[in-house]
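Letter by letter, the sequence shown follows residues 16 to 216 in the working numbering. Backbone N, C-alpha and C define an ideal beta-carbon position, used for all residues, glycine too. These figures come from a predicted structure and were not determined experimentally.
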Amino acid sequence: MIEQDHFAVVAETLEEGAAHVEVALGVTMVPGGKHAFMGTHNCLLGLGPGFYLEVIAIDPDATPPPYPRWFNLDHFSGPPRLANWICRTDDLDAALSAAPMGAGRPMDAARGDLKWRMAIPDDGCLPFDGAFPGLIQWDGVAHPSDRLFDSGCRMTRLEVMTPDHTSLTKALPTMPLVTLSDGPLSLRASFDTPNGPRELT
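The structure is reproduced here in C-alpha cells:
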C-alpha cells in the first residue's frame, strides 16, 4: 500500500522557494536541514498528522554528489514550483516491484533520529517526466510531521496533470484527494488555510 506523505516545491534557492510557498499560502515555513549525500537542503511546513510540505534546493555550500540529485534538481531552472509528490509505503521493495520502470533504486538516508529509504531514479527524474510520485519508507516511528508546528493548512485536492494520464492512472492506486488529468505536465495543490482557500503550483 502507498499513501501520500509530502510534497516537494523545487527552487533554484531555498529563499526563493520559501517565499513562493509563503506568498501562496500565507503562512511561514520553518528551517529543515541538509542532505549531505545529495548536496541539498530544505525548509518545511506542517500540514497535519503524517503530512508536510518541503521546499528543496541545491545547497551551494555542499559538495556535489557523484550521481544525479533527487527531484531532477540538476536540471531545474526558473521560478519555484510544485514539482513532485512523495508517497510512503511500509515495503519499499514491493512498491518498486509494482512501479513503472525508472521509479528508482532504494537509498538509505538519515538526519538525526529520522531514518528512511527512498527510491532514487538513476537519472534523477521520476517516471512520466516527474508526474509519478517518489516512493519513501520511513524506518522506525519518527516522522517529520510529528515535530513540525501545525500551520493550520490542510490539502483538499492534488491535481496531477500529464499528457499520459491514462498510463499513470493504471500505475497508481486510487488515493483520496488526488486527481489525475490530461494536459501539460503540472501539479496543483488546493488548501484550506487560516487565510481561506489557497492554491500552490
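Put simply, the backbone Cα of Met176 is about 28 Å away from that of His158.
Here Glu174 carries a strand assignment [DSSP, helix/strand/coil]. Remark: C-beta atoms of Ala110 and Pro142 do not approach each other more closely than 8 Å. Annotation for Asp207: no alpha helix (DSSP H) segment contains it, though the beta strand (DSSP E) segment containing it runs Ser201 to Thr208. Per DSSP, the continuous alpha helix (DSSP H) segment holding Asp108 begins and ends at Leu107 to Ala113.
Annotated three-state conformation of Ser182 is helix, per DSSP.
According to the DSSP assignment, His35 belongs to the alpha helix (DSSP H) that extends over Leu29 to Leu40. Nearest Cα to Phe206 within the set Arg84, Met170, Gly127 and Ala113: Met170.
In the structure shown, the three-state DSSP call for His158 is coil. Cβ atoms of Met116 and Pro80 stay farther apart than 8 Å, at about 23 Å. Short of 7 Å from the beta carbon of Ala146, and not among the five residues preceding or following it, lie these beta carbons of its own chain, in chain order: Val175, Thr177, Leu183 and Leu200. Thr181 and Ala77 have their C-alpha atoms some 40 Å from each other.
Excluding residues up to 5 positions away in sequence, Met44, Cys58 and Val70 lie with their Cβ nearer than 6 Å to the Cβ of Ala33 in the same chain. Cα atoms of Arg120 and Thr189: separation of roughly 24 Å, rounded to the nearest angstrom. At the C-beta level, Gly93 and Ser160 stay beyond 8 Å of one another. If you compare the alpha carbons of Ile151, Trp85, Leu215 and Arg84 with that of Asp106, the shortest gap goes to Ile151.
By alpha-carbon distance to Ala113, the top candidate from Val156, Asp154 and Lys185 is Lys185.
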